[in-house]
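*Asks:* Provided herewith is a single structure, encoded as structure tokens, for subsequent inquiry.
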Amino acid sequence: QASRRNYHEKVLDHYNNPRNVGSMKKGEQDVGTGLVGAPACGDVMKIQIKVDPNSDTITDVKFKTFGCGSAIASSSYLTELVKGMTLEQAGRIKNTEIAKELCLPPVKLHCSMLAEDGIKSAISNYYSKNPKAKATDLGGT
Ligand code: FES
Ligand code: FES
37 QASRRNYHEK
47 VLDHYNNPRN
57 VGSMKKGEQD
67 VGTGLVGAPA
77 CGDVMKIQIK
87 VDPNSDTITD
97 VKFKTFGCGS
107 AIASSSYLTE
117 LVKGMTLEQA
127 GRIKNTEIAK
137 ELCLPPVKLH
147 CSMLAEDGIK
157 SAISNYYSKN
167 PKAKATDLGG
177 T
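Going by full-length UniProt numbering, the letters in the sequence shown line up with residues 37 to 177, in that order.
Rendered as structure tokens:
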């Protein structure tokens, strides 16, 4: 197995079968959208979350990534991870968790950073649309 290219199997799996690809309907109040880019390479990632306002829980999540395999795998894995989490839990996800799960090499760490930035940005966007929901301080954007 070790001779199979540079990408780890888990990256290839997400790359070949990305989970939760797509976009939410426009203009929904309970949806937060994060759009982030990686200065290092110009890759772009969009993460959208649908939130149950009563429990502050992420009930659905979608992504679109214009980027490398590691960025696609990072966003795909992120969507699996955050579904069912509270906003507070999702806001605490670190890119290192994603990189570890996918066995990303050091040069690909910034790809997982895109996923961390993406979910944080989606959460901030949700809070900016629903100011009363703000229960967590994400420490700026
Ligand atoms: Fe080209 Fe990421 S640098 S796809
Ligand atoms: Fe830039 Fe992967 S190479 S996000």
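Even glycine gets a Cβ: it sits at the ideal position worked out from N, Cα and C.
Between MET81 and GLY105, which are expected to be in contact by the criterion C-beta below 8 Å, what is the C-beta distance as a whole number of angstroms?
*Replies:* Here residue 81 corresponds to residue number 45 of the sequence shown, with the count starting at 1. Here residue 105 corresponds to residue number 69 of the sequence shown, with the count starting at 1. No, MET81 and GLY105 are not in contact; Cβ-Cβ is about 13 Å, not under 8 Å.
*Asks:* Take the Cβ of GLY127 as the centre, count every other Cβ of all protein chains shown within 10 Å, and call the residue buried at 16 or more, exposed below.
*Replies:* As a position in the sequence shown, residue 127 is number 91, starting the count at 1. Under this definition GLY127 is a buried residue.
*Asks:* Whose C-alpha, out of ALA109, GLY78, LYS62 and LYS130, is nearest the C-alpha of GLN84?
*Replies:* As a working note, residue 84 is residue 48 in the sequence shown. Selected option, being the one with the closest Cα: LYS62.
*Asks:* Is SER106 near ligand 2, judged by its Cβ being under 7 Å from some heavy atom?
*Replies:* As a first step, residue 106 is located in the sequence shown; it is residue number 70 there, counting from the start. The answer is yes for SER106.
*Asks:* Is the region 127 to 137 in contact with the region 51 to 68, if contact means three or more CB pairs nearer than 8 Å?
*Replies:* No: fewer than three Cβ pairs fall under 8 Å.
*Asks:* Using the three-state DSSP reduction, which class does TYR162 fall into: helix, strand or coil?
*Replies:* Walking along the sequence shown from the start, residue 162 turns up at place 126. Helix, per DSSP.
*Asks:* Which residues does DSSP pair with MET81 in a beta bridge?
*Replies:* Taking the first residue of the sequence shown as position 1, residue 81 is located at position 45. The partner list for MET81 (beta bridge, DSSP) reads VAL72 and THR101.
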